[in-house]
Amino acid sequence: MKTNRSDWSEERIKVLLSQLPKVEDNRSSKQIYQQVLMASGKKKKSVKWIGPAVATVVVFIYGVFNFSSFISAGCSRTA
Numbered sequence: 039m040k041t042n043r044s045d046w047s048e049e050r051i052k053v054l055l056s057q058l059p060k061v062e063d064n065r066s067s068k069q070i071y072q073q074v075l076m077a078s079g080k081k082k083k084s085v086k087w088i089g090p091a092v093a094t095v096v097v098f099i100y101g102v103f104n105f106s107s108f109i110s111a112g113c114s115r116t117a
């Protein structure tokens, strides 16, 4: 049953809400709090060293290629 929002009145909303099933939770507040604490403690640690490690590898590879081209350019000049 689709209704336009303009057709909604406070009474209509109350009727629709009263037709919803009742929500039951048999857990105690302590149990819920313990589950929240456990869930918040399981956060994955961010790997903060990945960025600097990748940058170091890129600089190293660039240095190796730059050095090898420098050596080959030096050898061609002396010959």
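So the number in this note's numbering is just where the residue sits in the sequence shown, counting from 1, plus 38.
Idealized CB from N, CA, C, for every residue including glycine.
Cβ-based neighbour list, residue i, same chain, cut-off 6 angstroms, excluding 5 preceding and 5 following
i	result
F105	none
Euclidean distance between Cα positions of residue i and residue j
i	j	result
V96	S110	21 angstroms
I99	K86	21 angstroms
V74	K68	10 angstroms
V102	F108	10 angstroms
Per-residue DSSP class, three states only, for residue i
i	result
L121	The requested residue 121 is not part of the displayed model; the chain covers only 39 to 117.
K60	coil
Beta-carbon contacts of residue i that lie in its chain and below 7 angstroms, excluding the five residues immediately before and after
i	result
A77	none
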